[in-house]
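Worksheet: the structure to be examined is printed underneath.
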Amino acid sequence: MSIIAFLVIGLLAGLLARALMPGNQSMGLLATTLLGIAGSFVGGFIGSFFNSDGRILALHPSGLIFSVIGAMVLLLLVGFAGRSRRVRI
Numbered sequence: 007m008s009i010i011a012f013l014v015i016g017l018l019a020g021l022l023a024r025a026l027m028p029g030n031q032s033m034g035l036l037a038t039t040l041l042g043i044a045g046s047f048v049g050g051f052i053g054s055f056f057n058s059d060g061r062i063l064a065l066h067p068s069g070l071i072f073s074v075i076g077a078m079v080l081l082l083l084v085g086f087a088g089r090s091r092r093v094r095i
């Protein structure tokens with residue numbers, strides 16, 4: 007896969023994940039693209055559980071659907087990590 011196609015798929019996956027996730031994700035175009043690219047690798051990891059070749063920990067990019075799912079998982083994790091942990095008395 008060429009680097010341009012990888013960036014375009016990453017941008018599309020990031021935009022779709024941000025559109026499907028509820029809430030406000032204030033990100034720029036570069037952060038959205040990086041989210042989609044990272045989501046592609048997370049989606050590849052998730053997709054490897056459904057693959058029958060026996061390589062579970064193989065890190066490989068995936069298609070658009072699993073890229074969007076992976077980006078949504080990353081957005082969910084970032085949302086949990088970004089919440090303040092205040093204790094009310």
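Reading the sequence shown from the start, the letters are residues 7 to 95 in this note's numbering. Each residue gets a CB set at the ideal place from its N, CA and C atoms; glycine is no exception. Here the structure is a predicted model, which means the values were calculated and not measured.
Option nearest residue i by Cα separation, candidates the options
| i | options | result |
| --- | --- | --- |
| Ala37 | Phe86, Leu70, Leu13 and Phe51 | Leu13 |
| Ile15 | Leu26, Gly34 and Ala44 | Ala44 |
6 Å CB neighbourhood of residue i in its chain, flanking five on each side removed
| i | result |
| --- | --- |
| Ile75 | Gly49 |
Heavy atom of the ligand ZN within 7 Å of residue i beta-carbon
| i | result |
| --- | --- |
| Leu21 | Summarising the ligand content, the structure contains no ligands, and the ligand ZN is consequently not present. |
Cutoff 7 Å; reference residue i; Cβ partners in own chain excluding five residues on either side
| i | result |
| --- | --- |
| Met27 | Met78 and Leu81 |
| Ile70 | The amino acid occupying residue 70 in the given sequence is Leu; Ile does not appear at that position. For Leu70, where only same-chain residues beyond five positions count, the Cβ hits under 7 Å are Ile15, Leu18 and Ala19. |
Residue i burial status per 10 Å Cβ neighbour count (16 or more: buried)
| i | result |
| --- | --- |
| Gly20 | buried |
| Ala11 | exposed |
| Gly42 | buried |
| Ser32 | exposed |
| Leu22 | buried |
| Ser8 | exposed |
Enclosing alpha helix (DSSP H) for residue i [first to last residue]
| i | result |
| --- | --- |
| Ser46 | Leu35 to Ser54 |
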